[in-house]
Amino acid sequence: MSVPTPHIAAEKGQIAKTVLMPGDPLRAKFIAETFLEGAVLVNNVRGVQGHTGTWKGVPVTVMASGMGIPAIGIYSWELYNFYDVDNIIRIGSAGAFRDDLKLMDIVAGQAACTNSNYINAFGVKGSFAPIADFTLLSKAVEAAKERGVELKVGNILSADNFYYPPGLDGSDEWKRMGVLAVEMEAAGLYCNAAYAGKRALCLCTISDHLYRQEYLSSEDRQSSFTQMMEIALDTAVKMAQI
């Protein structure tokens, strides 16, 4: 497929090798305006904003993914396969399962369990295990340490449903298996990266806790995840130095 694609209006060369993907278009706009130098709007199809600029002299694109695996599946597929993107770092929010996680902790998805059927589209004769790229993960851990932040690294859940009938969400079972938190996109992103031979990582800030009455407002989720954003941006710089 040639570019622009059905969902991305950018021309060839307007998207950087590393893309940061928040779910929220307004969060993408916030990151571009707050952190990137010389940021240019390169996509606004369906209001899914994409901006390219530089961070510490390194080109970076920040583009929204929308909510859920089908949405990030479309955008990451087009970025990897038609725009020659090498690295996608999802930067989102997650709900905590584990008791020791608290609001604003940052979780790195070493792997992503899922209840989605998305994996079956790849035709594997078994259960494919979607995992992060180790180089991206190690660079993110390194970037976090340099900022005095300890990432909580482990397994996360990419769920298709945000709402469930009472008692049917399976939270107790996922928690018992050591899963840290739940979000809605990473497993699809990891599958696309594996198929394309590219790199992916999911960083999430804990925005609520499934076993305690703790949560951030929508305004907080849009603009207060700056620590996670800076770690992702620093990771992009480290990847450019490889």
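Heads up: the sequence shown is residues 1236 to 1477, going by the working numbering.
Cβ coordinates follow ideal geometry from the N, Cα and C atoms, glycine included.
Residue i to residue j span [Cα, whole Å]
i: residue 1461; j: residue 1399; result: 31 Å
i: residue 1330; j: residue 1445; result: 6 Å
i: residue 1392; j: residue 1348; result: 5 Å
i: residue 1381; j: residue 1390; result: 23 Å
i: residue 1299; j: residue 1282; result: 9 Å
i: residue 1374; j: residue 1337; result: 23 Å
i: residue 1434; j: residue 1471; result: 12 Å
i: residue 1402; j: residue 1412; result: 18 Å
i: residue 1425; j: residue 1448; result: 31 Å
i: residue 1417; j: residue 1328; result: 9 Å
i: residue 1321; j: residue 1334; result: 35 Å
i: residue 1260; j: residue 1305; result: 16 Å
i: residue 1408; j: residue 1256; result: 29 Å
Helix, strand or coil at residue i according to DSSP, with G and I counted as helix
i: residue 1418; result: strand
i: residue 1455; result: helix
i: residue 1302; result: coil
i: residue 1396; result: coil
i: residue 1248; result: coil
i: residue 1243; result: coil
i: residue 1477; result: coil
i: residue 1238; result: coil
i: residue 1374; result: helix
i: residue 1472; result: helix
i: residue 1460; result: coil
i: residue 1351; result: coil
i: residue 1292; result: coil
i: residue 1314; result: helix
Cross-strand partners of residue i (DSSP beta bridge)
i: residue 1390; result: 1346
i: residue 1210; result: No statement about residue 1210 is possible, as the shown extent of the chain runs from 1236 to 1477 and does not include it.
i: residue 1444; result: 1331, 1449
i: residue 1217; result: The structure shown does not extend to residue 1217, since the chain is modelled only from 1236 through 1477, so no value can be given for it.
i: residue 1434; result: 1322
i: residue 1286; result: 1276, 1297
i: residue 1341; result: 1440
Close beta carbons around residue i, own chain, < 7 Å, minus the five adjacent residues each side
i: residue 1360; result: none
i: residue 1464; result: 1266, 1270, 1326
i: residue 1247; result: 1238
i: residue 1339; result: 1440, 1441
i: residue 1431; result: 1315, 1316
Cutoff 8 Å; reference residue i; Cβ partners in own chain excluding five residues on either side
i: residue 1341; result: 1379, 1384, 1386, 1387, 1438, 1439, 1440, 1441, 1462, 1463, 1466
i: residue 1244; result: 1277, 1278, 1279, 1280
i: residue 1371; result: 1322, 1324, 1434, 1435, 1436, 1470, 1474
Nearest-angstrom Cβ-Cβ length linking residue i and residue j, presumed shorter than 8 Å
i: residue 1317; j: residue 1253; result: With 8 Å as the limit, residue 1317 and residue 1253 do not qualify as a contact, their Cβ atoms being about 16 Å apart.
i: residue 1250; j: residue 1420; result: With a Cβ gap of about 19 Å, residue 1250 and residue 1420 do not count as contacting.
i: residue 1309; j: residue 1436; result: With a Cβ gap of about 19 Å, residue 1309 and residue 1436 do not count as contacting.
i: residue 1395; j: residue 1427; result: Residue 1395 to residue 1427, Cβ: 16 Å. No contact.
i: residue 1289; j: residue 1268; result: So it is not a contact: roughly 14 Å between Cβ atoms.
i: residue 1468; j: residue 1295; result: 6 Å
i: residue 1315; j: residue 1423; result: Residue 1315 to residue 1423, Cβ: 12 Å. No contact.
i: residue 1363; j: residue 1357; result: 7 Å
Cβ-heavy atom distance, residue i to the ligand FAD, below 7 Å
i: residue 1440; result: Absence of the ligand FAD from the depicted structure is noted, as is the absence of any ligand whatsoever, leaving it without description.
Contacting residues, own chain, Cβ-Cβ under 6 Å from residue i (five flanking each side not counted)
i: residue 1311; result: 1323, 1424, 1427
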